[in-house]
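Engineer:
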Amino acid sequence: MADLLRKPFGTHGKVHEITPQSAGWRYVGFSLYQLRAGESAAEATGGNEAILVMVEGKARVTAAWQDWGVLGERMDVFEKTPPHCLYVPNGQDWEAVAETDCTIAVCLAPGKGGHEARKIGPDGISLTERGKGTNTRYINNIAMEAEDYCDSLLVTEVFTPAGHWSSYPSHRHDEDDFPRITYLEETYFHRLNPAQGFGIQRVYTEDGTLDETMAVSSGDVVLVPRGHHPCGAPYGFEMYYLNVMAGPRRNWRFQPDPAVEWIMERDAK
Numbered sequence: 000m001a002d003l004l005r006k007p008f009g010t011h012g013k014v015h016e017i018t019p020q021s022a023g024w025r026y027v028g029f030s031l032y033q034l035r036a037g038e039s040a041a042e043a044t045g046g047n048e049a050i051l052v053m054v055e056g057k058a059r060v061t062a063a064w065q066d067w068g069v070l071g072e073r074m075d076v077f078e079k080t081p082p083h084c085l086y087v088p089n090g091q092d093w094e095a096v097a098e099t100d101c102t103i104a105v106c107l108a109p110g111k112g113g114h115e116a117r118k119i120g121p122d123g124i125s126l127t128e129r130g131k132g133t134n135t136r137y138i139n140n141i142a143m144e145a146e147d148y149c150d151s152l153l154v155t156e157v158f159t160p161a162g163h164w165s166s167y168p169s170h171r172h173d174e175d176d177f178p179r180i181t182y183l184e185e186t187y188f189h190r191l192n193p194a195q196g197f198g199i200q201r202v203y204t205e206d207g208t209l210d211e212t213m214a215v216s217s218g219d220v221v222l223v224p225r226g227h228h229p230c231g232a233p234y235g236f237e238m239y240y241l242n243v244m245a246g247p248r249r250n251w252r253f254q255p256d257p258a259v260e261w262i263m264e265r266d267a268k
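Sequential numbering of the sequence shown, starting at 0, is according to numbering that gives the first Met the number 0.
#1: Find out if the Cβ-Cβ distance for the pair F197, L241 is shorter than 9 Å.
#2: Where are the beta strand (DSSP E) runs, 3 residues long or more, that stay fully inside the stretch 12-95, in chain order?
#3: Measuring only the C-alpha atoms, how far is G273 from F29?
#4: With three or more beta-carbon pairs closer than 8 Å as the criterion, would you say the stretch 39-59 touches the stretch 142-158?
#5: Short of 7 Å in beta carbon distance, which residues of its chain neighbour P255, apart from the five on each side in sequence? Order them along the chain.
#6: Which runs of the beta strand (DSSP E) at least 3 residues long sit entirely within the stretch 134-198? Give them in chain order.
#7: Strictly by DSSP, which residues pair up with V259?
#8: Note down, in chain order, each residue of its chain lying with its Cβ closer than 7 Å to the Cβ of V96, except the 5 sequence neighbours on either side.
#9: Under 9 Å, do G275 and Y32 count as touching if we go by C-beta distance?
#10: What residues in its chain sit with their C-beta under 6 Å from that of V243, if we drop five residues either side in the sequence?
#11: Could you tell me which residues DSSP pairs with P233 in its beta bridges?
#12: Could you tell me which residues DSSP pairs with D122 in its beta bridges?
#13: Name the residue from R249, R190, S217, D210 whose alpha carbon lies nearest to the alpha carbon of R225.
#14: Considering Cα atoms alone, identify which of V76, A41, F77 is closest to A62.
#15: Give a yes or no on whether 9 Å exceeds the smallest Cβ distance from M244 to chain B.
#16: Since A116 and P88 should fall inside the 8 Å C-beta cutoff, what is the C-beta to C-beta distance between them, to a whole number of angstroms?
#17: If we ignore side chains and look at the alpha-carbon of each, how far apart do M147 and W93 end up?
#18: Would you grab the beta carbon distance between K6 and D219 for me? Rounded to a whole angstrom, and I think it's under 8 Å.
#19: Grab me the residues of N250's own chain with a C-beta within less than 7 Å of its C-beta, minus the 5 sequence neighbours each way, in chain order.
#20: Go ahead and label T208 buried or exposed: buried means 16 or more other beta carbons lie within 10 angstroms of its beta carbon, across all protein chains shown.
#21: Compare the C-alpha of T133 against each of N140, G123, L34, G162 and name the closest.
#22: In terms of residues, what are the limits of the beta strand (DSSP E) holding T127?
#23: Does F8 pass the burial test, meaning 16 or more other C-beta atoms within 10 Å, or should it be called exposed?
#24: Can you tell me where the beta strand (DSSP E) with L3 in it begins and where it stops?
#25: According to DSSP, is R271 helix, strand or coil?
#26: So is D173 buried or exposed if we call it buried at 16+ other beta carbons inside 10 Å?
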């Protein structure tokens, strides 16, 4: 079985640390901090750029020689309000001091020195509906292709109602053949409401050389090195995930699974 499902290695402090080396790929890194009020976290970005996402809670953040003040507003991610985020270029340091209990995601990818440090959100981020029927979900785009905030990173939040599917119809972005398709590695950081529930994520290729179906718990991370990657929220449990994508170019182009492409074509009418 491929090692695509990563459980948190604790409940406090840094609870996830995924590097290209540990994931077996080249571009995406992801860390997660669970801090109590008064505690701090700090990192040097090195060769990476970073987007800090205040998933929950509030923290005072300094980065790139600037004091950015207190970031964060929502105390429960399922409030679905726009997140407070901070872009930190490569070659810089950042530090966050928790004002309340908080969850901070650190999204990482190679930096090229092409963008300055900046706040992202909550202004300019609005919850957007996508899909039809039980494929309806709600998106907070943090830094996708239309937002020229980063050198490599593509970052978004998705809220999937109970009983619905997401990242569906199944699609892949695992070839470097722009504009037909782009190569993007991807991580999913999952949360569930209520937290004791579970969700389902499948990662598979059309030829069957990779085919893993995972029960994800709240706080898990799923790696998508290639292939299609739909996920579902069972009846009674709402699903949130934070996506981080990166590859050799900052464009999101995908190809649907031929088996379900008809659904995409039908819903586009």
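Built from N, CA and C at the ideal position, the CB exists for glycine as well.
Structural biologist: Let me lay it out:
#1: no
#2: 12-17, 28-34, 39-43, 47-55, 58-62, 65-70, 84-87
#3: Residue 273 is absent from the model: the chain starts at 0 and stops at 268.
#4: yes
#5: P168, S169, H170, M263
#6: 136-142, 153-159, 173-176, 180-182, 184-192
#7: For V259, which the question treats as bridged, DSSP gives no partner whatsoever.
#8: S39, A58, R59
#9: This structure gives no information on residue 275, because the portion of the chain shown stretches from 0 to 268.
#10: V27, F29, C106, V154, T186
#11: In DSSP, P233 forms no bridge with anything.
#12: None, per the DSSP bridge assignment.
#13: D210
#14: A41
#15: Included in the structure is just one protein chain, with no chain B present.
#16: 6 Å
#17: Strictly speaking, residue 147 in this sequence is Asp, with Met absent from that position. Answer to the nearest angstrom: the Cα atoms are 21 Å apart.
#18: 6 Å
#19: E144, F177, T181
#20: exposed
#21: G162
#22: 127-129
#23: exposed
#24: Premise fails: L3 is in no beta strand (DSSP E) and is neither H nor E.
#25: Because the chain here runs from 0 to 268, residue 271 falls outside it and cannot be looked at.
#26: buried
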